[in-house]
Each structure stands twice: as C-alpha cells, then as structure tokens.
Amino acid sequence: MTVRRLAAGLAAAWLLVIPAFAAPAPFAVTEVASGIFVRQGVHQDATAENDDAIANIGFIVGPASVAVIDPGGSLDDGERLRATVQAKTDRPIRYVVMTHAHPDHIFGGVAFVADHPVFVGHQRLAGVLVERGEYYRRRLAEILGAARAGDYEMPTLLVTDRAQLDLGGRILDLQAHGAAHTDNDLSILDRQTGTLWAADLLFVDRIPAIDGSLVGWLKELAALKALPATRAVPGHGPPVVPWPAAAADEERYFNTLASEIRALLAKGGDIETAVVQVGLGERGKWQLFDDYNGRNVTVAFKELEWE
Amino acid sequence: MRRIVLIAGLAALATIGSVRAEESDAERQARWQDLRHAVFGDRRVEEGAGIITLDAPDRALDAALVPVTIDLVGPAKVKAVYLMIDENPSPLAGTFHFGPAADTRELRTRVRVDAYTLMHAVAETEDGGLFVAEKFVKAAGGCSAPSTKDQKLALERLGQMKLKPVAEASPSPDADRVQLLISHPNFNGMQMDQLTRNYTPARYIQDVRVTRGDALVFELEADISLSEDPAITFGLTGKTPVPLTVEVHDSANATFKQSFEIPTKGT
C-alpha cells in the first residue's frame, strides 16, 4: 500500500518535473555525404529568439567514434546538437573540433563536457580565447541571458600545421591556416567522401566577415580549391555546396574589395572615403551586406595601405 | 528595447554596447569636467563653434581604428590642439603643437576607442584661449583589441614611414595636404601575445616631430590611444619644394627619422 502510494506520488511529481527538465530536442540536420550531418544556421546576428544558432554546425560519424565540428553558438544550440548526435548514433563523441574562436561556432562547447572529448583547435585558438573569451561571454550573455549563453571549452589539442583525427579508420585531415577569416581558422577534409568542411573560410549567400586578412584569405582559398574535394560545408550558407565552384562568389567579393581599395590608395584616397565607396557593386549579392561591408573595407584598407 | 548585435563573424566586436554605454549624459559631462580640470586646471574652456569642429563616425566600424577629423575653421591663429577620448584608459590621446609651416585647417588621425565615449578636441589660440568641440562615438573594445594579426611582420616593419598625397580637395588651394603613415604596432600593454599568452609590453609612439627645412610643421605628443600604424593627415603652408623631415620617438626609446619630397597628387 505504502509502496503503491509512494509510486503514485513519484509519478505525479515526475509529471510536474518533466517540463522543467525536458530533454533537449534534436534539430533537423542534412546528411550532406555519408555520415556527415550539417545543421544550417540562419542568416541573422545573434538574438534571444534565435539562440545564436546562426552558424552551420554538425558532426561526422566514423566506424568507432564521432567528431563534432563546431559545438554551436549557445548552451541550447550545443545541447540540441548533442541530442541530435545521440539520435543518429550510439558511438561516442571523441572529438569536438572548434574551427575558430567566434562565439556562434563554439559557445555550445560546454554541452559536450560530459562526453570527455578531445577539444581541438588552431594553435592560436587558446590564446585568442584567453584574450577575448570573457568579452564574448559577456556580450552573448547580454543577448541570451547568462544561463542560456553557454560557454566555450579550452582546446586540449592544438593544431600547429596539420593533424589527423581517426574515427576508427575514417581519417579527418585538419589544417591550421594563416590569417584569413580570423587568425585561428581550422579546416577539415574527410578523405573518404572528398568533403571539405571549410567552416567560415567559406561564406555562401551571407556576406563574409573579414577578421584576419583579405590577402591571406584569398591565398588560403586558392590552396583549399586545390584539395581533393568535390563538395564543401560552408560556415554560413547552404549545408553543402559544390567545390571548388562555390568559392567563386567569395573570391569575386574579395578581389573587388582589393582592386577598388588599391585604386583608391593610388589616388591618395583615405579610409573615410573607402568605407562609403568600396564594394557597393556587391550590395544585393549578399545578405547582411550593410552590416558588414564597411567593417570589411576598414580591415582590408588597413592591410592594403602598407603593401 | 535596446538592440545588441553579436556579430557572427567578428572578433573585434566594435559596434557593441558596453556597460558604459548605459552611462548617463550627466555622468559623461561630469567625467569631461574632471578631465578638463586635470588637463587645463582652472583655465576657461569656451564653446568652440566657429573656431574648431570635431568629426568621427557616430558608430565606429572598427573600435581599434576610428578616424577623427579636427577642423580649425576660425581666423584666430591656433598654436595647439588637444584630442581627448574621455572614456579611454589614458584619455589625452594626443596634443598637436603647430609651427609656422602648418596649415591647421584640417587635421585627421585614427584612434582606439575603449567604450562608448564623448570625444573632445580643444584648440588653444596664440593668445591662450581654449575652445572645445565635442562628439559622441559609439565604439567599444578598441584598446584591448588584438593590436595586429602578425606581430612578426609588425616588428619587421617597425618605424617605416610613408608620405602620401591626399585626394580629397584641400581646404586651402594654396596649401599642400599630405598623409603621414607610420608603421608601429603601438602596443598599449592591453594586448596579449596569442601564442605565449603573455601580455605584450606597452611600446607606443610618444612623439612625432615634422619639420620643413628649419620650420616646424607640428609636434605631436602622443599616448596609447593612437591606433596601430598611426596615420596623420595635415596641411602645409605654401607650395615650396622644401622636403619634410619626420622624426618619431617611441616609448622603447627608439628613434625613426626620414625625409620626404612632397608627393604630388595622383589622378
């Protein structure tokens, strides 16, 4: 009797508790190649409504284990990614790769701590996070609230040039790049399917944001185009695009900025003029153009005036 | 609702509101009064309309590189200009002392901005009057922003200079305008080496002296608020072929000196 009453009481309590502890819901992912799953981010900046789920994130399933590639933009984004992995496979998450330091890619990292993965990043990533991580956390907390913002994890494996991750016979080739989108970009090549996970080295539809080097980015793109890959996963844009064809828009935008800024510099034009004149022919070709073009021109001008 | 944008792609979140963005106008004005007393003591600082204007973007695209234009528009001869960024750790960004070879009508430079701030430019006339122009700028994080993406390159290039013609119309047709670029990381002690994870010791330009023949154009006393690779656009009285000499001293006691022919404007 007592036991039954207790059980009934527990059941009732459980019903009350469920809404508060609802398991994170998996989200929709696209299997862009065998065993490679991508969740497409929205073309927005972080808001309380979108949970900073604005970047393309996902995972690669190998015979023995899973590599998460970019753990997401917030706690919720990371937890839902983790639930999605668990819904697709029971293999353990051995690696969490952070493609660069920007918050929309890595603030879901804390959701994976219980898996005890190796957190992988560019050799400069740790330093960048020490320098700017707290700043990112504060900013994201202002938007999402501290409880929902999530947190990054420090990398435990730093890639100086190249590294390989073995998912049980499925080899991922990691490459640490020179300054391009940022100064801590990592790309991943899945040999088995010829898929390049370019992350933010490749923006499609959404305007690229230059936080590293315009000239460097063009150089890294040229090298990436030579890789044995037929498809790529952009950091922002569709979940998968043909490679290297999909690099064309980004290259055109960068070459436009470079040639217009160089022409202005040759005439003795200054940065104030550049930010209101350069790249305007590209407006209409990119989402969020007005939010980022002026900033891109500033970064590029500062770089090119010393050529 | 105040809209805060977390920029997806950017590390230097230049346009983001900061805690100080909430500071009230009264608090900003109180800060300016403190700063004014610290720099000028009890001297009277008058509203500068008709004498000095200060322009900068309302919202900076890059808090580590905020272009500033100071225009001295009045008839009175100005002997110095003080540029202050009220909320910066070291608010007095630079003091320009002008000599006889300067055309002071339009002066430009680039600064770092640490938080939403009032900027002030104060002109000191020959007879000792002080006149102020004010501008509010939304920018944050410029002082601790990574100083450079490539410290090795920055040190190789340390002290190199360029003197460039300026395309924009000169405010005075009988004067040349030029832009001086100085390659210097201007480390302010708030940036970190990302590989060693140690703070990079401060090393910044303290003094820039530009002369034409024996005549002074200007001497700039600078501080940590000038942007990396500082740029200064200024005017020169008269059109003469006499070359310019630039001498730069930094806080590591290094001196860089170079002479330039006056560049001609491109097409």
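Chains as they are written, first to last, in our numbering: chain A, 1 to 307; chain B, 1001 to 1267. Think of the CB as a built atom: it goes at the ideal place given N, C-alpha and C, for glycine as much as any other residue. No experiment lies behind these values; they were computed from the predicted model shown.
**Request:** Kindly say whether B:Leu1226, judged by its beta-carbon, lies nearer than 8 angstroms to any beta-carbon of chain A.
**Result:** No, its Cβ sits nowhere closer than 8 angstroms to a Cβ of chain A.
**Asked** A:Val130 touches chain B at which residues, Cβ-Cβ below 7 angstroms?
**Response** Those are Met1192, Arg1197, listed as they occur along chain B.
**Prompt:** What does DSSP give as the partner residues of B:Arg1177 in its beta bridges?
**Reply:** Answer is B:Gly1235.
**Message:** What does DSSP give as the partner residue(s) for A:Tyr95 in the beta ladder?
**Reply:** Its beta-bridge partners are A:Ala67, A:Val118.
**Length-filtered (3 minimum) beta strand (DSSP E) runs lying within the stretch 1187–1261 of chain B** = Here the runs fully enclosed are 1205–1212, 1215–1222, 1231–1236, 1244–1250, 1255–1260.
**Asked** So is A:Gly279 in contact with chain B if we call contact Cβ pairs under 8 angstroms?
**Response** Not flagged as an interface residue toward chain B: A:Gly279, since no C-beta distance is shorter than 8 angstroms.
**Request:** Starting from the C-beta of A:Ala48, find all residues in its chain whose C-beta is less than 7 angstroms away, skip the five residues before and the five after it, and write them out in chain order.
**Result:** Excluding residues up to 5 positions away in sequence, Ile143, Leu144 lie with their Cβ nearer than 7 angstroms to the Cβ of A:Ala48 in the same chain.
**Request:** Could you tell me which of B:Leu1083, B:Pro1091, B:Val1166 sits nearest to B:Ala1056, measuring between CA atoms?
**Result:** Just measuring C-alpha positions, the residue of B:Leu1083, B:Pro1091, B:Val1166 sitting nearest B:Ala1056 is B:Leu1083.
**Message:** Considering only their Cβ atoms, is the gap separating A:Glu79 from A:Phe119 smaller than 8 angstroms?
**Reply:** Result no, Cβ atoms of A:Phe119 and A:Glu79 do not sit closer than 8 angstroms.
**Item:** Residue-level contact to chain A via CB, B:Lys1164, 8 angstroms cutoff
**Value:** Yes, B:Lys1164 counts as interfacial toward chain A.
**Asked** Between which two residues does the beta strand (DSSP E) harbouring A:Arg231 extend?
**Response** A:Arg231 -> beta strand (DSSP E) spans 231–236.
**Residue from B:Arg1036, B:Ala1060, B:Thr1095 with nearest C-alpha to B:Gln1206** = For the residues B:Arg1036, B:Ala1060, B:Thr1095, the minimum Cα distance to B:Gln1206 belongs to B:Thr1095.
**Item:** Straight-line Cα distance separating A:Ala25 from A:Thr84
**Value:** The straight-line gap from Cα to Cα measures roughly 8 angstroms.
**Asked** Alpha carbon to alpha carbon, how far is A:Asp200 from B:Leu1118?
**Response** The straight-line gap separating the alpha-carbon atoms of A:Asp200 and B:Leu1118 is approximately 35 angstroms.
**Simplified DSSP state of A:Gln175, which is helix, strand or coil** = In the structure shown, A:Gln175 sits in a strand (DSSP, three-state: E or B).
**Request:** Give every residue of the same chain whose Cβ lies closer than 7 angstroms to the Cβ of A:Leu129, excluding the five residues on either side of it in the sequence, and list them in chain order.
**Result:** The answer, listed in chain order, is Ala101, Tyr152, Met154.
**With 16 other Cβ atoms within 10 Å as the buried cut-off, status of A:Lys280** = For the record, residue 280 of chain A in the displayed sequence is Leu; it is not Lys. Result: exposed.
**Asked** Three-state secondary structure (DSSP) at B:Gly1141?
**Response** DSSP places B:Gly1141 in coil when its eight states are reduced to three.
**Message:** The beta strand (DSSP E) that contains A:Thr195, what's its start and end?
**Reply:** Segment 195–203, the beta strand (DSSP E) holding A:Thr195.
**Request:** To the nearest angstrom, report how far apart B:Met1192 and A:Ala176 are at their CA atoms.
**Result:** Taking the straight line from one Cα to the other gives about 20 angstroms.
**A:Pro208 (DSSP reduced to helix, strand or coil)** = Collapsing the DSSP output to three states places A:Pro208 in coil.
**Item:** Proximal chain A residues relative to B:Arg1157, where beta-carbon distance stays under 8 angstroms
**Value:** Contact annotation for B:Arg1157 against chain A: Trp306 [CB-CB distance below 8 angstroms, chain order].
**Message:** Does chain A have any CB closer than 8 angstroms to the CB of B:Leu1258?
**Reply:** The displayed chain sequence assigns Gln, not Leu, to residue 1258 of chain B. It does not: the Cβ of B:Gln1258 has no partner Cβ on chain A nearer than 8 angstroms.
**Request:** Could you name the residues of the same chain whose beta carbon sits closer than 8 angstroms to that of B:Val1066, not counting the 5 residues immediately before and after it, in chain order?
**Result:** Cβ neighbours of B:Val1066 beyond the five flanking positions: Ala1056, Pro1057, Ala1060, Arg1110, Val1111, Arg1112, Val1113, Val1137, Ala1139, Gly1142, Ser1227.
**Request:** Report the three-state DSSP secondary structure of B:Ala1080 (helix, strand or coil).
**Result:** DSSP places B:Ala1080 in strand when its eight states are reduced to three.
**Message:** Taking only three categories from DSSP, how would you classify A:Phe112?
**Reply:** Reduced to three states, the DSSP call for A:Phe112 is helix.
**Request:** Could you name the residues of the same chain whose beta carbon sits closer than 6 angstroms to that of B:Ala1008, not counting the 5 residues immediately before and after it, in chain order?
**Result:** A caution first: B:Ala1008 carries a pLDDT of 34, below 50, which makes its placement in the model unreliable, though a value can still be read off. None.
**Prompt:** In terms of alpha-carbon separation, which member of A:Arg139, A:Ala33, A:His116 lies closest to A:Pro242?
**Reply:** Selected option, being the one with the closest Cα: A:Ala33.
**Message:** Which residues does DSSP list as the beta-bridge partners of B:Val1068?
**Reply:** Answer by DSSP bridge pairing, in chain order: B:Thr1109.
**Asked** Which one of B:Thr1104, B:Ala1064, B:Pro1091, B:Glu1087 has the shortest CA to CA distance from B:Val1081?
**Response** Looking only at B:Thr1104, B:Ala1064, B:Pro1091, B:Glu1087, the smallest Cα-Cα distance to B:Val1081 is reached by B:Thr1104.
**Request:** Have a look at A:Ala266, A:Trp217, A:Asp190, A:Ala64 and flag the residue whose alpha-carbon is nearest the alpha-carbon of A:Ala232.
**Result:** Closest in C-alpha terms to A:Ala232, from the list A:Ala266, A:Trp217, A:Asp190, A:Ala64, comes A:Asp190.
**Request:** Identify, in the order they occur along the chain, each residue of the same chain with its Cβ nearer than 7 angstroms to the Cβ of A:Glu305, setting aside the five sequence neighbours on each side.
**Result:** Only residues of its own chain outside the window of five on either side were considered, and among them Leu265 have a CB closer than 7 angstroms to the CB of A:Glu305, listed in chain order.
**Item:** Residue from A:Ala23, A:Arg139, A:Thr156, A:Glu220 with nearest C-alpha to A:Arg94
**Value:** Comparing Cα-Cα distances from A:Arg94 to each of A:Ala23, A:Arg139, A:Thr156, A:Glu220, the minimum goes to A:Thr156.
**Prompt:** Does A:Lys302 get closer than 8 angstroms to chain B when you measure Cβ to Cβ?
**Reply:** By this cut-off, A:Lys302 is an interface position.
**Asked** Using a Cβ-Cβ cut-off of 7 angstroms (strictly less than) and excluding sequence neighbours within five positions of B:Leu1035, which residues of its own chain qualify?
**Response** For B:Leu1035, where only same-chain residues beyond five positions count, the Cβ hits under 7 angstroms are Met1084, Asp1086, Pro1091.
**Message:** Check this for me: beta carbons of A:Val38 and A:Pro244, under 8 angstroms apart or not?
**Reply:** For the pair A:Val38 and A:Pro244, the CB atoms are not nearer than the 8 angstroms cut-off.
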